[in-house]
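Residue numbers (the working numbering): 7 to 95.
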């Protein structure tokens, strides 16, 4: 049940932000909650603020073709992939 918010990721997936492994399950749950809140309310300020905090925490910058929402979704996907790989090892 704890992994419901995580994305199923193909084994061939290459993480964009390997730094996402520095996050915790509660961090990922909060990011997911922010995305869900945005989808319900359209309040993009939460998305921008969360993306800024995560970028600062991980010391990463966005590629030119990535917006804040895509960044947060990618962080969840990367985290899911990296933690799944760690569980296998």
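A virtual CB, placed ideally from N, CA and C, is assigned to each residue, including glycine. These figures come from a predicted structure and were not determined experimentally.
6 Å CB neighbourhood of residue i in its chain, flanking five on each side removed
i          : result
residue 68 : 77
residue 19 : 87
Distance, residue j Cα to residue i Cα
i          : j          : result
residue 83 : residue 47 : 23 Å
residue 24 : residue 37 : 17 Å
residue 60 : residue 31 : 14 Å
residue 56 : residue 49 : 12 Å
residue 90 : residue 58 : 26 Å
residue 33 : residue 17 : 23 Å
Candidates the options: closest to residue i by CA position
i          : options       : result
residue 71 : 65, 80 and 64 : 80
Nonlocal neighbours in the same chain, by C-beta distance under 8 Å from residue i, ignoring five residues either side
i          : result
residue 53 : 40, 41, 44, 74, 75 and 78
residue 88 : 21, 24, 26 and 27
Own chain partners of residue i with C-beta closer than 7 Å, once the 5 adjacent residues on each side are dropped
i          : result
residue 9  : Residue confidence is low: residue 9 scores 41 on pLDDT, short of 50, so the model does not pin down where it sits. Its coordinate-derived value is still stated next. Taken in chain order, the list of residues that qualify is empty.
residue 66 : 23 and 25
Unbroken alpha helix (DSSP H) run spanning residue i, endpoints
i          : result
residue 32 : 31-47
residue 56 : 50-64
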